[in-house]
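Student: Its first residue numbered 74, the sequence shown is counted upward by one per residue in the numbering used here. From the three backbone atoms N, C-alpha and C, an ideal C-beta is built for every residue, glycine too. Note that this is a predicted model, so its numbers are computed, not measured. Sharing a structure here in structure tokens format.
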Amino acid sequence: MARVPTARDVPQVSAPSGTGRARRVARSVTSASGIGTGLQDVGAALTGLATFFEAEREKAFDENRAVATNEAIIDLPLAYSRVVDDLKNEAEPGAPGFSEAVRQRLEETQQTFLQDVQTRFDLRPQDLKNIEQRAANLAKPVLLGALTFERGERQRQALADIAPKVDALALSVRRNPVPGQLDTALVRGLGMLDNLKSILGPGQEEAEELELRRKLHTAIIEGGIDREPGAMLESLKAGQFDHLTEQGVTADKIEELTKKADLAHQRVEAERERDRKKQQAALRAQVNDGLKDDIESIRRTGESAGQVSNDDIRAAYEDDPGRAERIIQDLEDEKAFYVTLQSVALTPLSEDLATLRANQPEGEGFAVEAARQDLLVKAIDQKRKALAKDPLGYALSVGLVDEVTDISSFSADALSARGRQADLVAEQYGVPVPFLRDAEQDALLGLINTGDPDQAVALLGSIGTLDHDRQRQIADEIAPKSPEIGRAIQFASQDDGLDNATLLLEGYQLGQNPDTKILKPSKDRLTGVVQTTFGDIGAGNARAFASFVATTEAIYMGLARQQGKVDVDDGLLSQAAALAAGGLRGPDGVRGGTMEIAGRKTLPPALGVTESEFIDLLSALSPEDLQAYSADGKPPVFTDGTRLTPEMLTAGRFGLTNPSGIFNSDPFYFEPVGQGRYLVQTQAGTYVQTIDGPYVIDLGRAWRDGRGQED
74 MARVPTARDV PQVSAPSGTG RARRVARSVT SASGIGTGLQ DVGAALTGLA TFFEAEREKA
134 FDENRAVATN EAIIDLPLAY SRVVDDLKNE AEPGAPGFSE AVRQRLEETQ QTFLQDVQTR
194 FDLRPQDLKN IEQRAANLAK PVLLGALTFE RGERQRQALA DIAPKVDALA LSVRRNPVPG
254 QLDTALVRGL GMLDNLKSIL GPGQEEAEEL ELRRKLHTAI IEGGIDREPG AMLESLKAGQ
314 FDHLTEQGVT ADKIEELTKK ADLAHQRVEA ERERDRKKQQ AALRAQVNDG LKDDIESIRR
374 TGESAGQVSN DDIRAAYEDD PGRAERIIQD LEDEKAFYVT LQSVALTPLS EDLATLRANQ
434 PEGEGFAVEA ARQDLLVKAI DQKRKALAKD PLGYALSVGL VDEVTDISSF SADALSARGR
494 QADLVAEQYG VPVPFLRDAE QDALLGLINT GDPDQAVALL GSIGTLDHDR QRQIADEIAP
554 KSPEIGRAIQ FASQDDGLDN ATLLLEGYQL GQNPDTKILK PSKDRLTGVV QTTFGDIGAG
614 NARAFASFVA TTEAIYMGLA RQQGKVDVDD GLLSQAAALA AGGLRGPDGV RGGTMEIAGR
674 KTLPPALGVT ESEFIDLLSA LSPEDLQAYS ADGKPPVFTD GTRLTPEMLT AGRFGLTNPS
734 GIFNSDPFYF EPVGQGRYLV QTQAGTYVQT IDGPYVIDLG RAWRDGRGQE D
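This is the structure we're talking about:
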């Protein structure tokens, strides 16, 4: 607080040294005659000086006081502002009485200020009045600002209160942009604005009304965009809303809404396209599933299952009508193909070829006939493939047989029934029919591999109830998967061969047992014996050689068990190889085995047949026998058409002088290609032919028929 000035604070003022009165007084004092008068003058002068000094002192005091009070009043506007700020913090701005509270606080602040100034500066009444007026003048703009603030806050608060109501009106218009909705909302909005007339300032009411109209008209357009963006886009582009500039919707806003409608329209169209594709994909999936059932039904019965109509197909592929029509045509083609397939379902393949030749398209209607022939070719080809894959299954599918017998038990009755079915299919279509299906082959091998030897022999006994050709067929089918078991079946199908078959199966199972004490011959030792015994039989055929090795090893293990041998015995190993080649055990050793014909080794046509018996068999054949025992039933011929005769086979012990000179007296060699079957060829490697291919003679069947055997 500023210190109140005192007399000591007033500066000392010296009298002016150059005044005339002072000089006169001085002169008077020094005059002897005027001492008395001079003294009087001195006294008067001193009194004047005192008065002068007092006046100067008072003047300096007043100046200091004025400076101090001015410094004090400078801070008063800040104090007034703090009053307003404090009240803004204490009460809600714009609340009734805010400006009155400001006025009262300003007066209190002013009184406090004046009291403080009076105390500090000991002001005269006139000075105090002046300061009071100055303080009041400083308060006026602050109070006016408070009034303006209060009014503005009241307006702001009122508009803030009404804004959500206006927005709610606009939202209701946007959600339901129907005729009359805008007018109803506008009436309600204008009614709300009427309540603000006492609050809003000049021109503000018109601005708020224009804003209301802008929001509601904009909401109408936005609601239309939400519902039908395409239609609203067309209206906006056509300028149907350009007049809304009078309602506060500016041209820029119209352009913005146009872009918004365009984007919404694109989005809706994209969603519609996605939905359409999704629905179409679902419909296509449904139609395709139905088509599978219909096609399967047509292929089995010739008629659709009725799952899918042509209209369904066209609807599913409405964006690809060409494909729809192709599918419909495919169904018709399937029906036509079924009819064609049924027409050849039961005909032999040889007749199918004749039918094709007889149905060559020509002349008028060539295209139609060609289409029919294409269906016929397709049907015959499908039939051929089905017969090649599973002839029994195909025969069942077309009704040639009522069932395919389950032979999993491998009983004699089941095998016999299967044989009749296989014969029927083979005779009907003129194709070879596998006796055992692939799974049945595996089942048979499993029973033999896992069962005891007695069970395995019993299975061979069941197979032995079939005719020799059927047994041989089963053996040939099994041999690629298990040469040992295939050979055992071959043995069992021949006279006196069950002993060989049993010996082989026992040795085979023994060889599968890792705990057996009997030593197997080494690979080199076994291979050497097989090469010595079999020579060049099957030369160049690795699978045939491996079969000889496997069969020899299995028979050796059986012999070693019977004779109690543990270590490898070379004599038994040679005997095993001879038995594997088709020999029979007798009291004097092994009878038969490999034979040497025309300088090369071959297998006997039946177990135990010797070389001399083989020659007798050939010598006993008639020209008719050469055709009868041909694998394809066709006679053997040379390339010049000359037929092979028994005399040619036997002349000079297979030395041949052929009139054609083709073979140049080369002897014939019999190359085994199965149980008792042989390719007939010269040593030069040329095979005798039939009209259908290489000539194969079944001397095993000839032996069973007694050719060359004594009665």
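Starting from the N-terminal side, write out each stretch of the beta strand (DSSP E) that is 3 residues or longer and does not extend beyond the stretch 606-676.
Tutor: You should have 657-659, 662-664, 668-670, 673-675.
Student: From the DSSP output, read off the bridge partner residues of residue 747.
Tutor: In the DSSP output, where bridge partners are listed per residue, residue 747 has 750.
Student: Taking the beta strand (DSSP E) that residue 769 belongs to, which residues open and close that run?
Tutor: Taken as a continuous stretch (DSSP letters only), the beta strand (DSSP E) holding residue 769 covers 769-771.
Student: Mapping the DSSP letters down to three states, classify residue 372 as helix, strand or coil.
Tutor: Helix, per DSSP.
Student: By Cβ distance, which residues of its chain are closer than 7 Å to residue 242, with the 5 residues on each side in sequence left out?
Tutor: The residues are 258, 261, 262, 289.
Student: Kindly identify the DSSP beta-bridge partner or partners of residue 742.
Tutor: Per DSSP, 754.
Student: Should residue 367 and residue 380 be called a contact, given that it needs their Cβ atoms to be closer than 8 Å?
Tutor: It is a contact, given that the beta carbons lie within the stated cut-off.
Student: Between the alpha carbons of residue 143 and residue 204, how many angstroms are there, rounded?
Tutor: So the alpha carbons of these two residues sit roughly 9 Å apart.
Student: In terms of alpha-carbon separation, which member of 447, 270, 396 lies closest to residue 430?
Tutor: Residue 447 is the option with its Cα nearest to residue 430.
Student: Alpha carbon to alpha carbon, how far is residue 320 from residue 341?
Tutor: So the alpha carbons of these two residues sit roughly 29 Å apart.
Student: Counting C-beta neighbours from all protein chains within 10 Å, is the total for residue 453 16 or more, i.e. buried, or is it exposed?
Tutor: That one is buried.
Student: Is there contact here, the stretch 560-573 with the stretch 584-592, by at least three beta-carbon pairs under 8 Å?
Tutor: Contact between the stretch 560-573 and the stretch 584-592 is absent, because fewer than three Cβ pairs lie under 8 Å.
Student: Looking at residue 417: is its Cβ nearer than 8 Å to the Cβ of residue 456?
Tutor: Yes, the Cβ-Cβ distance between residue 417 and residue 456 is below 8 Å.
Student: Rounding to the nearest angstrom, what Cα-Cα distance links residue 331 and residue 394 in this structure?
Tutor: Taking the straight line from one Cα to the other gives about 37 Å.
Student: For the alpha helix (DSSP H) that residue 246 lies in, which residues bound it at each end?
Tutor: Here the alpha helix (DSSP H) through residue 246 covers 198-248.
Student: Does the distance from the CB of residue 520 to the CB of residue 528 come in under 8 Å?
Tutor: Yes.
Student: Drop a sphere of 10 angstroms on the beta-carbon of residue 482, count the other beta-carbons inside from all chains shown, and report buried for 16 or more, exposed for fewer.
Tutor: It counts as exposed.
Student: Could you pull the DSSP bridge partners for residue 703 from this structure?
Tutor: BP columns for residue 703 point to 770.
Student: In angstroms with no decimal places, state the Cα-to-Cα distance between residue 720 and residue 476.
Tutor: Their backbone Cα atoms lie some 49 Å apart in a straight line.
Student: Quick one: what's got a C-beta closer than 7 Å to residue 100's C-beta in the same chain, skipping five residues either side?
Tutor: Note that residue 100 scores 46 on pLDDT, short of 50, meaning its location in the model is unreliable; the coordinates nonetheless yield the value given after this. Excluding sequence neighbours, residue 100 sits near nothing in its chain.
Student: Within its chain, find whatever has a CB closer than 8 Å to the CB of residue 150; leave out the 5 residues flanking it on each side and keep chain order.
Tutor: Excluding sequence neighbours, residue 150 sits near 211, 215.
Student: Here's a check: name, in chain order, each residue in its chain whose Cβ is nearer than 8 Å to the Cβ of residue 679, leaving out the five neighbours to either side.
Tutor: The answer, listed in chain order, is 567, 568, 655, 749, 773, 776, 777.
Student: From what residue to what residue does the alpha helix (DSSP H) around residue 403 run?
Tutor: Per DSSP, residue 403 belongs to the alpha helix (DSSP H) from 394-417.
Student: Taking 6 Å as the limit between beta carbons, can you name the residues of its chain near residue 700, skipping five residues before and five after?
Tutor: The answer, listed in chain order, is 708.
Student: Who does residue 762 pair with in a DSSP beta bridge?
Tutor: DSSP output for residue 762 lists 710, 767 as bridge partner(s).
Student: In whole angstroms, what separates the C-alpha of residue 628 from that of residue 582?
Tutor: Distance between the alpha carbons of residue 628 and residue 582: 11 Å.
Student: Sorted by chain position, which residues of the same chain lie with C-beta nearer than 7 Å to residue 555's C-beta, five sequence neighbours on each side aside?
Tutor: Same-chain partners within the cutoff: 518.
Student: Using a 10 Å radius around the Cβ and a threshold of 16 neighbouring Cβ atoms, would you call residue 573 buried or exposed?
Tutor: That one is buried.
Student: Using 7 Å as the cut-off, classify the Cβ of residue 773 as near or not near the heavy atoms of the ligand ATP, replying yes or no.
Tutor: No copy of the ligand ATP occurs in the structure displayed, which carries no ligand at all.
Student: In three-state DSSP terms, what is residue 347?
Tutor: Three-state DSSP puts residue 347 in a helix.
Student: Just verifying my parser: in three-state terms, what is the DSSP assignment at residue 780?
Tutor: Coil at residue 780, not helix or strand.
Student: Tell me whether residue 510 sits in a helix, a strand or coil according to DSSP, three-state version.
Tutor: Coil at residue 510, not helix or strand.
Student: Since residue 681 and residue 646 are thought to touch, with beta carbons under 8 Å apart, how far apart are those beta carbons, to the nearest angstrom?
Tutor: Wrong, their Cβ atoms sit about 20 Å apart, outside the cutoff.
Student: Only counting the same chain, and skipping five residues up and downstream in sequence, which positions put a Cβ closer than 6 Å to that of residue 103?
Tutor: Reliability of the predicted coordinates at residue 103 is poor, the pLDDT of 46 falling under 50, and no value is obtained from them.
Student: Just the Cα atoms here: how many angstroms apart are residue 384 and residue 362?
Tutor: Roughly 15 Å separates the two Cα atoms.
Student: Return the Cβ separation of residue 576 and residue 641 in integer angstroms, given the expectation that the two are a contact with Cβ distance under 8 Å.
Tutor: Contact flag wrong, Cβ pair sits at about 17 Å.
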